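Just so we're aligned: 424 in full-length UniProt numbering is position 424 of the sequence shown, and the numbers increase by one with no gaps anywhere.
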Amino acid sequence: MKLYNQGATPVSVTSPVSFAGLIEKIEILRSTLRWASKLDRPEIEKLLKQATTLRDEVMGLSHKERFVQAASSADTAAGSTATDAPPQAEVERLPRERRQALMERSFIFEGTFGDNPRLLEALEIAEKAAPTDLPVLIDGESGTGKELMAKVIHANGARTDKPFISVNCGAIPDSLLESELFGHKKGAFTGASNDRRGKFESAHTGTIFLDEIGELPLTGQVKLLRVLEAHEIQRVGSDEIISVDARIVAATNKDLRRMSQAGTFREDLFYRLSVIHVSLPALRERRDEIPLLVSYFSDEAAGMLRRAPVRLTPRLRDFLLHYDYPGNIRELRNLLYRLSCLAGDTADLPHLPQDIRPKPAALAVVGAGASGADIAMATSLSEAKRAASDEAERAFLERGLQEVGGTVAELARRFDMNRSHLQMLLKKHGIHSKDFRASRQAEAGKG
């Protein structure tokens, strides 16, 4: 297989490759080399740099080139002759809708969500399922990005330049559900003054996304099962059978298996929908991604509000790292927009909504690391040790940055530590050296 880098130089890649597994091996290599005792420091730094570069290249291949290669293969099957064109040329040849889909796809596949194992598994399933027409069931708590995942699946399939129709099954009254999904004829019921196409007809040749599928009443479930089995619909008030070709992607925050056992959701429909089953973990289970998301949404909010990205005080940043986020990614995004709107240059705990703002008695704990709760909630001695170690490491780094006024180079010299390693530790804990520089400047101004 040949892929191309930005300079259009062929890069040889062994296929098939488990990209997530390869990245994990590279990270293990980097960690091992960092503590190697038989190599001198320049050799270690050189190898670490090479490993980091390799990791970035693999991430690029995983996130971009495989999609372009798939698009190229589809074009070739349709009669294209430009088989050796570089990725950029392939992207330019795609329809505008497909290029837009590729850009939307980047939010998940280009590292914004981090490398959580459960999420990587979900993404791997989604990528493999995308080129097929199999039904997909996405489950996860509210705010975990189920609709975004559905759009990613649509964007990476053969229907990417066809309609993507979203339907919230929980927002449609039972009396209007059949009309909304399948359409109606004029005069079919009071208020039906014209013929109307339903969502399934609108999604013909494309994808229909059925959100909150667990809210669908049993009568609607029967109708949906027929569509899945026969690919046919009937408008309300009509005897005409209409063939529809729409891929179905459904989502729920409920346990449909348990509902089917309880008789509130049809078991046959559950098995029809869940041919491909994707589970999205809650944000509290992916805390390593929070610093990345905070940075992403801060920049996004700054762009929308036409301001510089808001700075976060260490104690506010610590709160954001340890908060449970019942609303998941959606709640975190809303918080960053609120902070960006209400705060000046720097946001602090008082800018949080009052219902989640830490009580005064808890502020000292939050400012000191807020890991006491993590230790108390640990389910094993190893977890407690890890939580305590993280707390001590974070406090040590923050105290050091405070002493040197946020100068990373000076702190690395004091710790006799490689600067890139120190930067990695700061990123791990979501610590920003500029916050400590701003704090020192503020103190100097008061003096």
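Glycine residues also receive a C-beta, built at the ideal position from the N, C-alpha and C atoms.
In this text, all values refer to a predicted model and were calculated from it rather than measured experimentally.
Original post:
Considering only C-alpha positions, which residue in the set A392, L321, R437, E393 is nearest to E403?
Top reply: R437
**OP:** Starting from L269, follow the alpha helix (DSSP H) in both directions and report where the run begins and ends.
**Re:** 267-273
Original post:
If you draw a straight line from the alpha carbon of K128 to that of V222, how long is it in whole angstroms?
Top reply: 29 Å
Subject >> Distance cut-off 7 Å: K434 Cβ against heavy atoms of the ligand ZN >> reply: You won't find the ligand ZN in this model; it holds no ligand whatsoever.
Subject >> Three-state secondary structure assigned by DSSP to A171 >> reply: helix
**OP:** Decide if L426 is buried, meaning its Cβ has at least 16 other Cβ atoms within 10 Å, or exposed.
**Re:** buried
**OP:** Consult DSSP for A412 and reduce its assignment to one of helix, strand or coil.
**Re:** helix
**OP:** Starting from the C-beta of E215, find all residues in its chain whose C-beta is less than 7 Å away, skip the five residues before and the five after it, and write them out in chain order.
**Re:** C169, G170
**OP:** Can you give me the start and stop residues for the beta strand (DSSP E) that H277 sits inside?
**Re:** 276-279
Original post:
Are the segment 117-134 and the segment 278-289 in contact at 8 Å, needing three or more beta carbon pairs?
Top reply: yes
Original post:
Can at least three beta-carbon pairs, one atom from the segment 174-188 and one from the segment 222-236, be found at a separation below 8 Å?
Top reply: yes
Original post:
Which value, in whole angstroms, describes the spacing of the CA atoms of E267 and Y323?
Top reply: 37 Å
Original post:
For the putative contact between N156 and P135, defined by C-beta atoms under 8 Å, what is the C-beta separation to the nearest angstrom?
Top reply: Between P135 and N156 the Cβ distance is about 16 Å, and since that is not below 8 Å, they are no contact.
**OP:** Mark N328 as exposed unless 16 or more other C-beta atoms lie within 10 angstroms of its C-beta, in which case mark it buried.
**Re:** buried
Subject >> Enclosing alpha helix (DSSP H) for T219 [first to last residue] >> reply: 218-230
Original post:
Candidates A302, R357, L137: which alpha carbon is nearest C341's?
Top reply: A302
Original post:
Of all the CB atoms in chain C, is at least one closer than 8 Å to the CB of I248?
Top reply: Reference to chain C is not applicable here, since this structure consists of a single protein chain.
**OP:** May I ask you to verify whether the segment 137-152 touches the segment 239-252, counting CB pairs closer than 8 Å and requiring at least 3?
**Re:** yes
Subject >> K162 versus I208 - alpha carbon distance >> reply: 11 Å
Original post:
Three or more C-beta pairs closer than 8 Å, one from the segment 288-303 and one from the segment 252-272: is that the case here?
Top reply: no
Original post:
In chain order, what residues of the same chain lie with their CB nearer than 7 Å to the CB of H277, ignoring the 5 residues before and after it?
Top reply: L137
Subject >> Check whether T264 and R311 have beta carbons under 8 Å apart >> reply: no
Original post:
Near L332, which residues of its chain fall below 8 Å by C-beta distance, leaving aside the five closest residues on each side in sequence?
Top reply: L283, I290, L293, V294, F297, L320, Y325
Subject >> Cβ-based burial, F396 [other Cβ within 10 Å; buried from 16] >> reply: exposed
Original post:
Distance, Cα to Cα, Q354 vs Y271?
Top reply: 44 Å
**OP:** With a threshold of 16 other CB atoms inside 10 Å of the CB of D211, please say whether the residue is buried or exposed.
**Re:** buried
**OP:** Flag this pair as yes or no: are the beta carbons of I165 and S142 separated by less than 8 Å?
**Re:** no
Subject >> Alpha carbon of L316 to alpha carbon of Q423, nearest angstrom >> reply: 20 Å
**OP:** For K151, count neighbouring Cβ atoms within 10 angstroms of its own Cβ and tell me buried if that reaches 16, exposed if not.
**Re:** buried
Original post:
If you compare alpha carbons, which of A122, R226, A158 is closest to T144?
Top reply: A122
Original post:
At what residue ranges does the segment 120-148 contain a whole run of the beta strand (DSSP E), taking only runs of 3 or more?
Top reply: 136-139
**OP:** Indicate the three-state DSSP secondary structure (helix, strand or coil) for R394 in the structure shown.
**Re:** helix
**OP:** Could you check if H429 is buried or exposed, using at least 16 other CB atoms within 10 Å of its CB as the buried criterion?
**Re:** buried
Original post:
Got a sec? Which residues, its chain only, sit under 7 Å from A126 by beta carbon, not counting five neighbours each side?
Top reply: M149, V152, I153, V278
Subject >> Separation of L273 from E124, as counted between CA atoms >> reply: 19 Å
Subject >> S193 versus K199: straight-line alpha-carbon distance, rounded >> reply: 18 Å
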